[in-house]
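> Mind having a look at this structure? Questions to follow.
Numbering (this note's numbering), first residue to last: 52 to 262.
In structure tokens, the structure reads:
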């Protein structure tokens with residue numbers, strides 16, 4: 052599996068703000084927005100482009116645009132925090148949605164929403180979720196995308212845990228991972244250690260409804 056760990060001082064500084072328990076919802080959202088844009092920037096490095104003539108105020112120049120913008124697919128709820136930074140970098144991208152809740156006893160994903168094009172053949176997909184813990188949610192989402200013909204899938208996660216990375220690599224699914232860091236493990240509740248806590252709660256406040 053192709054894994055890119057984005058090693059950059061600005062990435063590290065935003066990751067530190069996300070990890071810091073003193074960061075309130077507003078500070079967490081601001082840092083997540085910045086880091087999300089940086090990760091999308093890096094994930095876009097190998098997207099196909101096409102060239103065209105463009106006229107400057109002085110002369111003609113070669114212009115560049117994405118040949119086929121990716122579809123951005125957040126895993127709800129925490130993945131919603133990565134939509135705005137993704138669209139700020141790729142404003143002509145489309146957006147799909149996959150809703151997965153976590154069973155707090157089994158730690159397995161519980162699907163509740165799926166809003167995707169029926170045919171994703173030859174379509175680049177950026178699957179965004181701040182956290183890759185056990186890998187269960189991400190693997191479920193990747194299989195949904197693959198069932199629609201997607202073969203060009205990039206998973207973009209702010210923090211990844213080694214067990215989740217291993218699960219992704221051992222799945223045999225075609226996926227590339229772009230992340231800011233790989234943390235060593237999980238605690239007894241399957242939270243990433245050291246991680247940053249529950250990304251959804253820190254973005255939006257504690258969940259107070261059952262999905």
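Yeah, the Cβ is synthetic: ideal placement off N, Cα and C, and Gly gets one too.
Relative to the alpha-carbon of residue 96, which residue among 84, 112 and 121 has its alpha-carbon at the smallest distance?
For residue 96, the nearest C-alpha among the options comes from 121.
> State the DSSP-derived secondary structure class of residue 145, mapped to helix, strand or coil.
DSSP places residue 145 in strand when its eight states are reduced to three.
> What does a CB cutoff of less than 6 Å around residue 137 pick up in its chain, not counting 5 residues either side in sequence?
Counting only Cβ-Cβ distances below 6 Å, and skipping sequence neighbours, we find 91 and 123.
> Under three-state DSSP, which class holds residue 60?
In this structure, residue 60 counts as helix in the three-state DSSP scheme.
> Of the residues 187, 141 and 194, which one's Cα is nearest the Cα of residue 167?
That would be 194, whose Cα lies nearest to the Cα of residue 167.
> Using C-beta distances below 6 Å, list every residue in its chain close to residue 224, excluding the 5 sequence neighbours before and after it, in chain order.
So the qualifying residues of the chain are 193.
> If you reduce the DSSP assignment to three classes, tell me which class residue 236 lands in.
Correct three-state label for residue 236: strand.
> On the criterion of 16 or more Cβ atoms from any shown chain inside 10 Å, does residue 99 qualify as buried, or is it exposed?
With fewer than 16 other Cβ atoms within 10 Å, it is exposed.
> Between residue 82 and residue 68, how many whole angstroms is the CB-CB distance? I'm expecting something under 8 Å.
Going by Cβ atoms, the distance from residue 82 to residue 68 rounds to 4 Å, so yes, they are a contact pair.
> Which word fits residue 56, buried or exposed, when buried means at least 16 other C-beta atoms lie within 10 angstroms of its C-beta?
Per the 10 Å Cβ criterion, exposed.
> Enumerated in chain order, which unbroken segments of the alpha helix (DSSP H) with a length of 4 residues or greater are wholly contained in the segment 168–213?
Qualifying alpha helix (DSSP H) stretches, in chain order: 187–198.
> Please name the residue or residues paired with residue 108 in a DSSP beta bridge.
In DSSP, residue 108 forms no bridge with anything.
> Could you give the distance in angstroms between the alpha-carbon of residue 73 and the alpha-carbon of residue 247?
Going from the Cα of residue 73 to the Cα of residue 247 covers about 11 Å.
> My understanding is that residue 127 touches residue 164, with C-beta atoms under 8 Å, so please give their C-beta distance in whole angstroms.
Between residue 164 and residue 127 the Cβ distance is about 6 Å, and since that is below 8 Å, they are a contact.
> Where does residue 154 fall in DSSP's three states?
Coil, per DSSP.
> Just list the residues that DSSP pairs residue 161 with in beta bridges.
Residue 161 is bridged to 152.
> Please report the straight-line C-alpha distance between residue 179 and residue 151, rounded to a whole angstrom.
Computed Cα separation, rounded: 13 Å.
> Once you ignore the five residues that flank residue 170 on each side, which residues in its own chain have a CB closer than 8 Å to its CB?
Counting only Cβ-Cβ distances below 8 Å, and skipping sequence neighbours, we find 199 and 200.
> Identify the residues that DSSP records as bridge partners of residue 113: which are they?
For residue 113, which the question treats as bridged, DSSP gives the partners 104.
> Helix, strand or coil for residue 97 per DSSP?
Residue 97: helix per DSSP, three-state reduction.
> Whole angstroms is fine: what's the gap from residue 106's alpha carbon to residue 175's?
Answer to the nearest angstrom: the Cα atoms are 30 Å apart.
> Sort 196, 130 and 118 by Cα distance to residue 144 and report the nearest one.
Residue 144 has its Cα closest to that of 118, out of 196, 130 and 118.
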